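Working notes, structure below.
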Amino acid sequence: MRRRLLIIGVVVAIAAVLAGVYVVARTAGTGSDRAGRPVPTASVASSVSSAAAPAPGPGSQSPTRSAAPPAPSRTPGAPGVPAALRGKDIEAIPTSDRVVALTFDAGGNADGLPAILGALAARGAHATFFLTGDWAGRYPAAVRSIAAAGHRLGNHSSTHPYFRRLTDGQVRAEIARGERELTANGGTDTRPLFRFPYGDRDARTIAAVNSAGYVAVRWTVDTVGWKGTTGGVTVQQVVDRSVAGARPGEIILMHIGSHPEDGSTLDAEALPTVMTRLTALGFRFVTLDALLR
1 MRRRLLIIGV VVAIAAVLAG VYVVARTAGT GSDRAGRPVP TASVASSVSS AAAPAPGPGS
61 QSPTRSAAPP APSRTPGAPG VPAALRGKDI EAIPTSDRVV ALTFDAGGNA DGLPAILGAL
121 AARGAHATFF LTGDWAGRYP AAVRSIAAAG HRLGNHSSTH PYFRRLTDGQ VRAEIARGER
181 ELTANGGTDT RPLFRFPYGD RDARTIAAVN SAGYVAVRWT VDTVGWKGTT GGVTVQQVVD
241 RSVAGARPGE IILMHIGSHP EDGSTLDAEA LPTVMTRLTA LGFRFVTLDA LLR
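Residue numbers (full-length UniProt numbering): 1 to 293.
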């Protein structure tokens, strides 16, 4: 009897050992943790960990990526035009510095240009020249001489029309054609400076100019030298008009060509004295790029 019990005990012990081996083998094969939950393999665990990782919170930092900077604000229809300069025909440079911008329009002939360039060079000054495309086509050598001297060019249209008589599409076409004609004849990029022919503009045409990527620039004082001696204007009057109300940021309008009837070039003749007197008052000369700073 004792021997039988001993044999039964041995059998039970062997069975228990075999059962334990089976359980261990099954657990290892199925990838279970102690609580019986499935444990993914290394490759799957890596994938799940990556997919389930929470997005960085407001205060967290990513070691490999940083937030992209916000895109610059752009206003549709006004490429390259600063917000402060849209919807306006600028009459002065907004500054407290004692600076003056000398500007010259060209649409007629080039008779006064040699004297103008000479006066500017003698004082080491630079000015802004608003040229039409037609003028550039007639006087390409003049365009090149202005650009070579380091002066700033502005767009004055192609054919010098009254802009309020044009559709928005015609406004943009005049500007684009003028730009092409200027660059084709030795000029530099005029953008974003534009001046209306005859100063003829309204809110609609200003908006059209802005939509083409240009800033409309008028003037603080017109010397009226373009009226010529037949219009009762003298060189002294041109000087006085330029200097009498001089203030920081003043934009002076002059013209390159001679009067079509009397042949006078009052602005060119007055320029040396204008510059001398303004310099004596503590002013220095800048181009209209000062508007864009």
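A virtual CB, placed ideally from N, CA and C, is assigned to each residue, including glycine. Since the model is a prediction, treat every value here as computed from it, not as a measurement.
Query - Nearest neighbour of leucine 271, chosen from Pro260, Ala125, Glu179 [CA to CA] - result: Ala125
**Report entry** Any beta strand (DSSP E) of 3 or more consecutive residues that is wholly inside the region 143-213
**Finding:** 152-155
Query raised in the report: Where does isoleucine 116 fall in DSSP's three states?
Result: helix
Report task. Using a threshold of 7 Å, state whether the C-beta atoms of glutamate 179 and asparagine 155 are closer than that. Result -> yes
Query - With 16 other Cβ atoms within 10 Å as the buried cut-off, status of leucine 253 - result: buried
**Report entry** Beta-carbon proximity of phenylalanine 130 to aspartate 168, cut-off 7 Å
**Finding:** no
Query raised in the report: Using CA coordinates, which residue listed in Glu269, Pro260, Thr273, Pro248 is at the minimum distance from valine 99?
Result: Pro248
Query raised in the report: Does the beta-carbon of alanine 101 have 16 or more other beta-carbons within 10 angstroms, so that it is buried, or is it exposed?
Result: buried
Query raised in the report: Rounded to whole angstroms, how far is the Cβ of threonine 265 from the Cβ of aspartate 111, which I believe are closer than 8 Å?
Result: 6 Å
Query raised in the report: Helix, strand or coil: which one does DSSP assign to arginine 241?
Result: helix
Query - Host beta strand (DSSP E) of alanine 136 (start-end) - result: Alanine 136 -> not in any beta strand (DSSP E); alpha helix (DSSP H) instead, spanning 133-138.
Query raised in the report: What is the DSSP secondary structure of alanine 110, counted as helix, strand or coil?
Result: coil
Query raised in the report: Buried or exposed: leucine 292, going by 16 or more other Cβ atoms within 10 Å of its Cβ?
Result: exposed
Query raised in the report: Cα-Cα, which of Leu117, Ser157, Gln237 is closest to arginine 144?
Result: Leu117
**Report entry** Distance, proline 192 Cα to tyrosine 214 Cα
**Finding:** 4 Å
Report task. Compute the distance between the beta-carbons of residue 375 and arginine 172, then report whether it is under 7 Å. Result -> Examination of residue 375 is not possible in this model, given that the chain is present from 1 through 293 alone.
Query - Of the residues His255, Gln170, Gly263, Asp240, the one placed nearest arginine 277, counting alpha carbons only - result: Asp240
Query raised in the report: Run through DSSP, which three-state label would arginine 281 get?
Result: The sequence shown places leucine at residue 281, not arginine. If DSSP states are grouped into helix, strand and coil, leucine 281 belongs with coil.
Query raised in the report: Can you tell which of Ala216, Val274, Trp226 has the C-alpha that lies nearest to the C-alpha of valine 243?
Result: Val274
Query raised in the report: Out of curiosity, what's the CA-to-CA distance linking isoleucine 146 and glutamate 174?
Result: 22 Å
Query - isoleucine 251 - partner residues in DSSP beta bridges - result: Ala101
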